[in-house]
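One structure is given here, and the rest of the page talks about it.
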Amino acid sequence: MSDQVRAVEAPKPKPPKAPDIGLGYGSLICNMSTEKRLAFIAEGVPLIHASARSLMEATNTLKEYPREAEILEGQAIEECAKILILVDIIRCPAKVVSSRVGTMIRWFYDHLARRIYAKAQTWKPTSLAELQEYIDYDRRSHFVDGDYFEHIMPNSELFWREAALYADVVSNGEGEPQWHTPLRGMGRIGSWDPPVFSLVNSLAAAGAFSPKGLAILRDTWGSIEFKGDVSWDAVKEPCEAMLKALFDAGLVSESITKGDVSLIRGNWQMPMYHLDFAKVAIPLEDLKREQEARQPRE
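All residue numbers for the sequence shown refer to this note's numbering, where the first residue is 8 and numbers rise by one.
Now the structure itself:
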């Protein structure tokens with residue numbers, strides 16, 4: 008045996024932990040009791056709604072600056088998605104909320120999840136399983152595009168968001184970088200608000216965001232677990248029960264319209280707490296195979 012003594016490196020000390028102070032601590036919601044969580048969300052939703060409204064008001068003043076208007080509208084859309092994510096935590100049945108709330112809070116901070124959540128309010132799937140298929144298409148990291156599927160493009164939801172925001176270095180996959188100039192934006196067409204913004208306004212007019220309103224949502228929606236192949240028809244009973252309870256409790260605003268009620272009935276998506284919004288990495292080989300398979304045959 009060698010008499011050479013090997014030096015043993017001392018373990019590196021762990022870096023000091025920074026204090027848990029600042030923005031981005033929605034994860035603290037996860038450990039709250041049911042009642043405390045509801046009260047905390049009821050406190051926050053009107054603040055997020057006010058943020059979305061002010062962003063939309065600013066958007067309407069920027070007709071000469073379509074890029075900047077588009078950026079602010081995108082931020083307003085994501086604020087509305089944050090509201091709907093929090094409300095889906097309330098709609099989640101008590102027996103499963105503890106297993107889903109952590110994931111949903113991650114969606115709350117994720118640009119892709121928020122943008123898909125907002126977009127999903129315009130979809131008309133026949134079932135929750137079909138809704139997941141729609142989401143799966145929009146959460147791919149890359150896809151093929153073009154008249155002959157000759158282009159490989161990054162995730163469109165994230166690309167268009169970042170293409171408007173930043174001047175940046177872009178890669179076409181061939182190793183040669185190019186500079187990207189922020190897209191100018193097309194500007195708003197007419198005075199139509201984003202569908203998710205209109206939906207959130209309608210829910211607010213129905214009194215759904217007050218503490219009592221959220222308690223009604225919890226009690227009416229929480230009795231049904233939306234998972235697997237449950238159909239769109241399953242929303243009718245809890246939605247009607249919720250609307251009746253909100254009216255009976257006197258929580259509905261005097262300004263509510265028939266259009267608001269129709270929007271809630273027809274456009275508020277099924278609860279999505281059991282679905283998957285994580286971005287899916289698509290290998291280049293798979294994209295090239297898809298290109299080849301979709302090329303027109305002579």
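Note that CB positions come from ideal geometry on N, CA and C, so glycine has one too.
The structure displayed is predicted, hence computed values, not measured ones.
CA-to-CA distance, glycine 81 to glutamate 64, given in whole angstroms
13 Å
Helix, strand or coil for aspartate 255, going by three-state DSSP, please let me know.
helix
Under the rule that 16 or more other beta-carbon atoms within 10 Å means buried, what is valine 151, buried or exposed?
buried
Hey, could you find the ends of the beta strand (DSSP E) tryptophan 275 is sitting in?
Premise fails: tryptophan 275 is in no beta strand (DSSP E) and is neither H nor E.
Quick check on leucine 294: buried or exposed, where buried means 16 or more other Cβ atoms within 10 Å of its Cβ?
buried
So what's valine 151 in DSSP terms, helix, strand or just coil?
strand
Please specify which runs of the alpha helix (DSSP H), each continuous and at least 4 residues long, are wholly inside the segment 125-150, giving them in chain order.
135-145
Hey, quick one: how far does the beta strand (DSSP E) through valine 103 stretch, first residue to last?
Taken as a continuous stretch (DSSP letters only), valine 103 belongs to no beta strand (DSSP E), being part of the alpha helix (DSSP H) at 101-116.
Kindly indicate which residue of Gly29, Trp186 and Gly33 has the alpha-carbon position closest to the one of threonine 110.
Gly33
Buried versus exposed call for isoleucine 28 [16 or more other C-beta atoms within 10 Å across all chains shown]:
exposed
Sequence-distant residues of its chain with Cβ nearer than 8 Å to proline 184 (five each side left out)
Val176, Val177 and Ser178
Just confirm the distance between the C-beta atoms of isoleucine 112 and alanine 127, as a whole number of angstroms; I'd bet it's less than 8 Å.
18 Å between Cβ atoms; not a contact.
Considering just the uninterrupted stretch of the alpha helix (DSSP H) at proline 201, what are its terminal residues?
First-last for proline 201: undefined, no H or E at that position.
Helix, strand or coil: which one does DSSP assign to proline 22?
coil
Would you list the one or two residues that DSSP bridges to valine 176?
Trp186
Could you check what DSSP says for proline 161 in three-state terms: helix, strand or coil?
strand
Buried versus exposed, by CB contacts within 10 Å (16 or more), aspartate 95
buried
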